[in-house]
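Okay, structure first, notes after.
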């Protein structure tokens, strides 16, 4: 914890306003920047710099014209979509040995982004305003993948609970629902993330973007893969798209994650936690976690925040 506390000793960093749950348990160490809650990077990622400066360096990163960026709130399918795009752009069915964090803006910062060899498929949980300026300037193709908020909440809770100290969430699920609905979780609330994405994309009308839904990918993966290929301008055959969808099935991706993934820039999972980026991947698992009362309260808060947003989600298997 000492390294995280040292990272917070920065006059430009506003410490997490409520670092503990109502039961007095430690939440995830975060700081506030540009209206967003961000996790405090460990010293090995900061390399002697201040957290704010490292985050701001991302904006100045040089991009290449054929770069691709996956944009998503945590636990909405980034890993899945990243593997699909890597296969489509490479024309092979080879799974990536490295994890997607090795291509993640908020793990790489400016020098790391520029050091990645082409062709590059990046990913991020940051809003558009915090991405490299050249995303808009060079009209970099961006794909946003979204997932229904209740399954996202459940998946995010399990992810945070299984993380290594000091980043592991120590509260229970009931408390996490409240944290998830607030801004006091890494990358802010999901509703604010989606609203920011919509507003910031509207302010950059020439930016090529594609909106994808996790549930659509789950229900008809071949159709989803073909949609991505068309957006990227790739001449992928129907057979190849079918093969990619099969190679990137949740069951196969979870096995790959367990058997061959490497290259994490920091230790993410706590020893013995069984933490994984691929847990269940189901539509509607939230029903096993939310009580009726919790679900109804969640709906009231979510619908009030997202009124007239235009986002429509699938909450149950079709």
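Residue numbers (this note's numbering): 1 to 318. Here a beta-carbon is modelled for each residue, glycine too, at the ideal position from N, C-alpha and C. All values reported here derive from a predicted model rather than from experimental measurement.
State buried or exposed for residue i, treating a residue as buried only when at least 16 other CB atoms are found within 10 Å of its CB.
| i | result |
| --- | --- |
| residue 100 | buried |
| residue 28 | buried |
| residue 230 | exposed |
| residue 7 | The predicted model places residue 7 with a pLDDT of 43, which falls under 50 and marks its position as unreliable; any figure quoted below should be read in that light. Counting Cβ neighbours within 10 Å, residue 7 comes out buried, since at least 16 surround it. |
| residue 215 | buried |
| residue 51 | buried |
| residue 296 | exposed |
| residue 90 | exposed |
| residue 81 | buried |
| residue 106 | buried |
| residue 75 | buried |
| residue 171 | buried |
| residue 40 | buried |
| residue 1 | With a pLDDT of 43 at residue 1, under the threshold of 50, the modelled position of that residue is not reliable, and the figure given next carries that caveat. Answer is exposed; the Cβ neighbour count stays below 16. |
| residue 292 | exposed |
Of all the options the options, which has the alpha carbon lying nearest to the alpha carbon of residue i?
| i | options | result |
| --- | --- | --- |
| residue 139 | 85, 74, 116 and 206 | 206 |
| residue 130 | 97, 309 and 60 | 60 |
| residue 128 | 175, 144 and 164 | 144 |
| residue 319 | 122, 202 and 310 | The requested residue 319 does not occur in the structure, where the chain is confined to residues 1 to 318. |
| residue 306 | 235, 227 and 194 | 194 |
| residue 244 | 181, 92 and 105 | 92 |
| residue 240 | 250, 254, 223 and 252 | 223 |
| residue 32 | 70, 171 and 183 | 183 |
| residue 253 | 97, 46 and 35 | 97 |
Can the beta-carbon of residue i be found less than 7 Å from the beta-carbon of residue j?
| i | j | result |
| --- | --- | --- |
| residue 187 | residue 95 | no |
| residue 286 | residue 154 | yes |
| residue 133 | residue 57 | no |
| residue 68 | residue 141 | yes |
| residue 248 | residue 83 | yes |
| residue 315 | residue 148 | yes |
| residue 301 | residue 181 | yes |
| residue 88 | residue 219 | no |
| residue 146 | residue 213 | yes |
My assumption, with CB atoms under 8 Å, is that residue i sits in contact with residue j. Please give the rounded CB distance.
| i | j | result |
| --- | --- | --- |
| residue 66 | residue 117 | Rounded, the Cβ-Cβ distance is 12 Å, inconsistent with contact. |
| residue 63 | residue 136 | Contact doesn't hold; Cβ gap of about 10 Å is too wide. |
| residue 290 | residue 298 | 7 Å |
| residue 197 | residue 37 | The Cβ separation is near 16 Å, so there is no contact. |
What does DSSP give as the partner residues of residue i in its beta bridges?
| i | result |
| --- | --- |
| residue 142 | 69 and 209 |
| residue 37 | 32 |
| residue 115 | Paired residue(s): none; residue 115 is not in a bridge. |
| residue 122 | 69 |
Is residue i close to chain D? Criterion is C-beta to C-beta, closer than 7 Å.
| i | result |
| --- | --- |
| residue 302 | The structure shown has no chain D; it contains just one protein chain. |
Say yes only if the C-beta of residue i is nearer than 6 Å to one or more non-hydrogen atoms of the ligand MG, and no if none qualify.
| i | result |
| --- | --- |
| residue 299 | This structure lacks the ligand MG, and indeed carries no ligand of any kind. |
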